[in-house]
């Protein structure tokens with residue numbers, strides 16, 4: 489059982505480059521989330537989706553975009569990479585808050 | 502503006518003893534509170550949750566206590582085992598959004 493799969497696991501970007509972080513879940517969950525975790529900090533919500541075709545901003549959406557064309561996929565797009573976007577990015581999915589959410593293993597992004 | 506706070510960055514306990522991890526929050530609109538465990542280079546793993554209408558939830562060695570008047574929750578692990586050594590995050594949910602604390606690194610000493 490794959491759960492939540494994130495690719496790539498590591499990436500180095502130059503300032504101004506763009507990239508897409510992929511996230512796929514095979515549990516038919518409606519809710520999907522993107523978080524970033526900076527060193528010594530908690531997870532900050534970037535964007536979330538409550539179902540296909542619906543996305544909403546979280547706490548720190550600036551510099552990112554998302555789409556949710558299918559239930560399974562929730563890609564995160566960085567258009568003009570900046571050093572401040574150096575972080576570990578986690579994708580998560582779930583059905584209800586009290587059941588918790590399943591997280592992917594993360595993407596470690598460095599912008600130089 | 503940190504709505505969920507974990508003021509202890511680290512905690513060490515002896516194997517077999519109780520581990521108590523604490524979390525404070527500021528938003529009275531939170532509906533659910535959750536605890537996650539995280540190992541290095543892995544994503545967080547859900548441990549246990551509690552609804553805002555309850556004051557205690559238990560699952561095996563893990564018990565979460567909620568004190569709404571104090572806006573405080575805690576996770577008790579009894580007995581603590583070396584495999585419990587990890588970073589523990591508390592999180593709170595409202596309106597489909599989750600807010601995480603900064604984590605407490607627990608070390609269980611054999």
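Residue numbers (my numbering), protein chains in the order written: chain P, 489 to 600; chain D, 502 to 611. Beta carbons: idealized from backbone N, C-alpha and C, even for Gly.
Interface flag, residue i vs chain P, CB-CB below 9 Å
i, result
"residue 603 of chain D", "yes"
"residue 526 of chain D", "no"
"residue 517 of chain D", "no"
"residue 546 of chain D", "yes"
"residue 552 of chain D", "yes"
"residue 576 of chain D", "no"
"residue 535 of chain D", "yes"
"residue 442 of chain D", "Here chain D comprises residues numbered 502 to 611, so residue 442 of chain D is not present and cannot be evaluated."
Start-to-end residues for the beta strand (DSSP E) that takes in residue i
i, result
"residue 534 of chain D", "533-539"
"residue 573 of chain P", "From DSSP, residue 573 of chain P is part of no beta strand (DSSP E); its letter is neither H nor E."
"residue 610 of chain D", "605-610"
"residue 557 of chain D", "557-560"
"residue 469 of chain D", "Beyond the ends of chain D as shown, which are 502 and 611, falls residue 469 of chain D; an answer cannot be given."
"residue 573 of chain D", "573-578"
Helix, strand or coil at residue i [DSSP, three-state]
i, result
"residue 526 of chain D", "strand"
"residue 541 of chain P", "coil"
"residue 586 of chain P", "helix"
"residue 561 of chain P", "strand"
Expected contact under 8 Å - CB spacing of residue i and residue j to nearest Å
i, j, result
"residue 528 of chain D", "residue 507 of chain D", "Not quite, the Cβ-Cβ distance comes to about 15 Å (not below 8 Å), so this is no contact."
"residue 505 of chain D", "residue 536 of chain D", "That pair is no contact at about 11 Å."
Residue-chain proximity (residue i, chain D), Cβ-Cβ < 9 Å
i, result
"residue 552 of chain P", "no"
"residue 529 of chain P", "yes"
"residue 562 of chain P", "no"
Contact set between the segment 579-608 of chain D and chain P, restricted to residues whose Cβ is under 7 Å from the partner: 590, 594, 597, 598, 599, 601, 602, 603 and 604
By the 8 Å beta-carbon criterion, what residues does the segment 500-527 of chain P contribute toward chain D? 519, 521 and 523
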